[in-house]
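Numbering (the UniProt record's numbering), first residue to last: 1 to 305.
By construction, the Cβ of each residue, glycine as well, lies at the ideal position given by its N, Cα and C atoms.
Note that the structure is predicted; figures quoted are calculated from it, not measured.
Data first, discussion second: the structure below is written as structure tokens.
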């Protein structure tokens, strides 16, 4: 983070990140035969429980919460919910997770939600129609009342808001001058929005969406406008590598992830990171990166559990 983005002094005692995160080159013949260097930006090592971009996005929001209850949103397997719950435990903050799917309320908790509950997060389930309308002021107010959290500090799904985008700008600054292309998997787009703003001149940010729909472009532009007053950096999206949508892991993708782990000794998170790395290999094979270029892949997470 830059000085203007850093949380207040002592605000986040208990969250001690490893920054800057390690950056290392890996030898991979699929890139080398095309004259391309591959770097891995190991943001999965930033913090043992707030992994990668979760720390970068949550830290400024947790500081802004200033001790208030933090309420946020996510699906049944949300990395963001788990990170928020862990932060609440570490900081002694009350957290509320609004979970998509009222039908889940009467079922045993899956391992992801069970971890949230074990970390002290109070789970509030809502029907999918309400969840889709959660950003509408009247719907949000009703959810807060129903969750008995009307005074809570609200963090959006995925943690992507102005504070988060500004926090992720530091990721770009850490990579400035180190690569020609910096690639990251995208869910809500906040990490890419901040990353692109922090990169130096002549560098390009590439986002690989893990959801279907092709809707992220406008969202990223809106996030940059809200955070910085307008567009920042050179960035683009490649929507071809979602493998059917969020949470979809095909046998081909699973085999690819296992092979990458074997080649490089790096644990590959399946929902985001595997799709990113698969995309980069495919793009290298398409000669999308000029000979002599350096590509950095941001490793934003690690497998759970």
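Shorter than 8 angstroms, the distance from the beta carbon of residue 279 to the closest heavy atom of the ligand GDP, or not? Of the ligands one can find in the structure shown there are none, so the ligand GDP has no counterpart to examine.
CA-CA distance, residue 146 and residue 159? In the chain shown, counting from the first residue as 1, residue 146 sits at position 146. In the chain shown, counting from the first residue as 1, residue 159 sits at position 159. When rounded, the distance between both Cα atoms is 21 angstroms.
Is it a yes or a no for the segment 64-76 touching the segment 28-35, going by three-plus beta-carbon pairs under 8 angstroms? no
Bounding residues of the beta strand (DSSP E) (the contiguous stretch that carries residue 184): Along the chain shown, one-based indexing puts residue 184 at 184. Per DSSP, residue 184 belongs to the beta strand (DSSP E) from 181-186.
By a C-beta neighbour count over all protein chains shown, 10 Å radius and 16 as the cutoff for buried, is residue 135 buried or exposed? Your numbering for residue 135 matches position 135 in the chain shown. It is exposed - the Cβ of residue 135 has fewer than 16 other Cβ atoms within 10 Å.
Is it true that the CB of residue 59 sits closer than 9 angstroms to the CB of residue 15? Walking along the chain shown from the start, residue 15 turns up at place 15. Walking along the chain shown from the start, residue 59 turns up at place 59. Yes, these two residues count as a Cβ contact at 9 angstroms.
Going by beta carbon distance, what residues of the same chain come within less than 6 angstroms of residue 174, once the five residues before and after it are set aside? Position 174 of the chain shown, counted from the first residue, corresponds to residue 174. Result list for residue 174: 20, in chain order.
What residue range does the beta strand (DSSP E) around residue 234 cover? Against the chain shown, residue 234 aligns to sequence position 234. 234-237 is the extent of the beta strand (DSSP E) around residue 234.
Leaving aside the five residues before and after residue 121 along the sequence, list all residues of the same chain whose C-beta is less than 8 angstroms from its C-beta, in chain order. For the purposes of this step, residue 121 is taken as the residue at position 121 of the chain shown. Closer than 8 angstroms at the Cβ level, and outside the excluded window around residue 121, lie 81, 84, 85, 88, 95, 96, 97.
Range covered by the beta strand (DSSP E) that runs through residue 207: Numbered from its first residue, the chain shown carries residue 207 at position 207. It spans 204-209 - the beta strand (DSSP E) in which residue 207 sits, taken as one unbroken run.
Please give me, in chain order, every unbroken run of the alpha helix (DSSP H) with length at least 4 that falls completely inside the segment 278-302. none
From what residue to what residue does the alpha helix (DSSP H) around residue 29 run? Translated into the one-based positions of the chain shown, residue 29 becomes position 29. That run of the alpha helix (DSSP H) goes 29-32.
Can you check the segment 37-124 for any beta strand (DSSP E) of at least 3 residues that lies completely inside it and give the ranges in chain order? 37-41, 70-74, 95-100
Residue 165 and residue 206 closer than 9 angstroms at C-beta: Mapped onto the chain shown, residue 165 falls at position 165. Mapped onto the chain shown, residue 206 falls at position 206. Against a cut-off of 9 angstroms, the Cβ pair of residue 206 and residue 165 comes out as no contact.
Which value, in whole angstroms, describes the spacing of the CA atoms of residue 185 and residue 144? Working through the chain shown from its first residue, we reach residue 185 at position 185. Working through the chain shown from its first residue, we reach residue 144 at position 144. Spanning the two alpha carbons is a distance of roughly 30 angstroms.
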